[in-house]
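Reviewing the structure listed below.
Residue numbers (my numbering): 54 to 631.
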């Protein structure tokens with residue numbers, strides 16, 4: 054379960070009559086505005102009135118501010134309530150009507166002072182809030198502010214919300230180039246989003262600027278989608294903070310650094326609730342709720358640190374996060390239950406992946422029947438996508454995709470699926486070694502699972518029968534494929550031992566089994582010997598191993614390879630029995 058952030062601040066209850074009377078934006082009132090200073094002050098007054106009206110009409114909540122804070126940002130309490138079933142309630146009609154009146158009043162005032170960036174910012178913010186994105190983009194394109202970079206910044210903000218990520222990137226690039234250097238440094242700094250581990254990693258890099266650029270690349274939730282929406286989303290949050298300076302908000306607190314930090318880290322709330330006063334008290338709490346589907350998108354530090362051999366999975370973690378994000382074109386981003394394997398070649402590493410839509414959650418697999426999916430396989434090395442290949446699959450069809458990536462010390466593999474019709478994305482990311490293997494050194498590829506009863510004769514045929522998940526039925530035979538390298542330089546006999554063991558079994562438990570206590574070492578096993586190849590080349594092998602009477606649970610299939618005079622080596626692949 055992925056929790057979401059909630060922001061709250063305690064407020065005093067306003068007299069009902071005062072709030073109600075403040076909600077009217079009359080033409081007579083506007084006619085009293087005589088100069089630009091009056092127009093600006095009047096705009097601020099109208100904005101404060103609208104926010105007071107919003108607070109009055111907010112949906113009531115019984116929870117309020119009784120939560121323990123996971124974090125305190127200045128005057129704001131932030132907590133994760135873990136309520137994944139929460140959905141925003143429909144906005145009260147009175148709030149929508151008041152916003153329309155307010156925007157009309159701002160339009161009139163903007164004609165008096167067209168170069169006022171504060172009024173311009175309010176118009177953009179509230180158009181986007183009202184989901185009037187065409188009006189917002191038209192306004193941004195016609196922007197005549199003296200500081201042109203503000204126009205481009207607001208245009209980027211609008212385009213991000215309109216799901217035009219690449220258009221937003223273009224606008225933000227112009228804004229960043231033209232804005233003051235100090236502001237550019239602040240906006241592009243990933244520091245506020247980083248936990249202690251990532252901060253330490255960044256500070257330890259020889260080229261911190263290049264390392265920060267790499268973090269932004271990896272923070273992109275889906276390489277499959279055009280542009281980097283985590284980058285444009287981050288800059289959009291800064292634009293929101295810029296437009297909120299001097300403006301009132303539902304918390305009825307003056308905008309400050311704490312609110313700017315909260316907005317940059319979590320985005321501005323998607324919905325608001327107001328608690329009922331308790332025990333005769335004259336105070337209440339206004340709570341802003343983030344999108345419950347928003348997730349951490351910055352990498353865990355573990356996948357950035359080179360591991361000697363083992364792959365390092367990049368999990369979408371639960372719990373309180375330093376920062377969260379959700380692409381504007383998605384309603385959810387979830388883990389992909391597929392498999393990825395590496396196979397060594399003379400000019401690089403072939404990465405192969407497979408996934409079957411029905412292996413997602415029951416609700417999601419039903420949704421995938423609505424239409425085809427888009428899929429992509431990517432390998433990032435030091436900030437560049439060295440492998441970038443895409444495909445499409447029909448509804449219910451297994452996605453199979455592969456590509457060659459260059460040798461490298463370390464890389465991040467990202468296997469991604471996008472179902473645009475139902476606004477859902479899935480991904481599997483992991484850090485892996487991609488080092489060149491000396492041709493005469495005994496080594497083994499990743500093990501991969503195959504479709505039931507598949508018996509491929511070679512590697513190319515294997516790519517067509519890769520299994521779409523790590524789940525097998527009880528009693529089903531498990532089909533596995535792999536390659537061995539470093540053979541064919543001399544005549545030798547190669548031994549193979551394969552077995553299935555419970556996942557996570559410790560060394561002591563296995564030793565006890567070896568000694569004959571507590572049952573056999575493995576659940577099932579198979580062994581064979583054969584002559585090595587007659588010339589240097591990868592040795593491809595596929596085999597089937599029965600799974601009789603295995604209980605539902607998590608297991609590993611292990612293959613050990615040995616040859617006289619060489620150190621034995623092994624590979625493993627996890628799977629689960631349903």
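Every residue gets a Cβ at the ideal spot worked out from N, C-alpha and C, and that includes glycine.
Beta-carbon separation of residue i and residue j under 9 Å?
i           : j           : result
residue 648 : residue 464 : Lying outside 54 to 631, the shown extent of the chain, residue 648 is not represented and no answer is given.
residue 214 : residue 246 : no
residue 131 : residue 315 : yes
residue 106 : residue 148 : yes
residue 439 : residue 459 : yes
residue 497 : residue 533 : no
residue 275 : residue 471 : yes
residue 193 : residue 208 : yes
residue 378 : residue 282 : yes
residue 450 : residue 410 : yes
residue 600 : residue 507 : no
residue 461 : residue 431 : no
residue 401 : residue 457 : yes
residue 578 : residue 552 : yes
residue 344 : residue 320 : yes
residue 211 : residue 236 : no
residue 476 : residue 382 : yes
Output the distance between the C-alpha atoms of residue i and residue j, rounded to the nearest integer angstrom.
i           : j           : result
residue 374 : residue 349 : 7 Å
residue 160 : residue 167 : 10 Å
residue 324 : residue 124 : 20 Å
residue 613 : residue 443 : 34 Å
residue 195 : residue 258 : 43 Å
residue 623 : residue 550 : 9 Å
residue 574 : residue 595 : In this prediction, residue 574 has a pLDDT of 48, which is less than 50 and means its spatial position is unreliable; nothing more can be read from the coordinates.
residue 504 : residue 284 : 39 Å
residue 135 : residue 342 : 12 Å
residue 502 : residue 387 : 22 Å
residue 221 : residue 202 : 13 Å
residue 357 : residue 541 : 36 Å
residue 419 : residue 128 : For residue 419, the predicted model reports a pLDDT of 45, less than 50, meaning its position is unreliable; a value from the coordinates is still stated below. Between residue 419 and residue 128, the C-alpha separation is close to 44 Å.
residue 487 : residue 278 : 25 Å
residue 480 : residue 204 : 35 Å
residue 335 : residue 260 : 55 Å
residue 452 : residue 514 : 15 Å
residue 564 : residue 557 : For residue 564, the pLDDT reaches just 45, beneath the cut-off of 50, and the residue's location in the model is therefore unreliable, leaving the point undetermined.
residue 57  : residue 609 : Confidence at residue 57 is low in this model, with a pLDDT of 43, below 50, so the placement of that residue is unreliable and no value is reported for it.
residue 154 : residue 103 : 9 Å
residue 200 : residue 367 : 42 Å
residue 71  : residue 305 : With a pLDDT of 33 at residue 71, under the threshold of 50, the modelled position of this residue cannot be trusted; read the value that follows with caution. Roughly 15 Å between the two C-alpha positions.
residue 143 : residue 184 : 14 Å
residue 427 : residue 139 : 29 Å
residue 570 : residue 607 : With a pLDDT of 43 at residue 570, under the threshold of 50, the modelled position of that residue is not reliable, and the figure given next carries that caveat. The alpha-carbon atoms of residue 570 and residue 607 are separated by roughly 22 Å.
residue 619 : residue 519 : 30 Å
residue 372 : residue 137 : 12 Å
residue 76  : residue 198 : Caution applies to residue 76, whose pLDDT of 45 falls short of 50 and renders its modelled position unreliable; the value that the coordinates give is listed next. If I take the Cα positions, the gap works out to 29 Å.
Whose CA, out of the options, lies closest to the CA of residue i?
i           : options               : result
residue 425 : 474, 208 and 442      : 474
residue 353 : 241, 401, 399 and 483 : 483
residue 346 : 339, 202, 384 and 171 : 384
residue 469 : 389, 528 and 631      : 389
residue 555 : 488, 604, 292 and 504 : 604
residue 240 : 367, 225 and 343      : 225
residue 658 : 301, 343 and 177      : This structure does not reach residue 658, given that the chain is present from 54 up to 631, and the question cannot be answered.
residue 115 : 620, 519 and 338      : 338
residue 539 : 190, 590, 528 and 524 : 590
residue 535 : 528, 512 and 618      : 512
residue 94  : 162, 156, 223 and 617 : 162
residue 364 : 597, 165, 89 and 627  : 627
Of all Cβ atoms in chain C, is any one closer than 9 Å to the Cβ of residue i?
i           : result
residue 289 : Absent from the structure: chain C. Only one protein chain is present.
Stretch pair the segment 393 to 407 + the segment 293 to 308: three plus CB contacts closer than 8 Å: no
Evaluate contact between the segment 536 to 551 and the segment 582 to 593, counting only Cβ atoms and requiring at least three cross-stretch pairs below 8 Å. Touching, yes, given that three or more Cβ pairs across the two stretches are closer than 8 Å.
Do the segment 328 to 345 and the segment 264 to 275 make contact, defined as three or more Cβ pairs closer than 8 Å? no
Along the chain, which unbroken stretches of the beta strand (DSSP E) at least 3 residues long are found entirely within the segment 192 to 252? none
Entirely within the segment 288 to 361 and at least 4 residues each: give me those alpha helix (DSSP H) ranges in chain order. 310 to 319
Segments of 3+ residues assigned as beta strand (DSSP E) that fall wholly inside the segment 353 to 403: 365 to 367, 385 to 388 and 392 to 398
Can you check the segment 98 to 169 for any alpha helix (DSSP H) of at least 4 residues that lies completely inside it and give the ranges in chain order? 146 to 165
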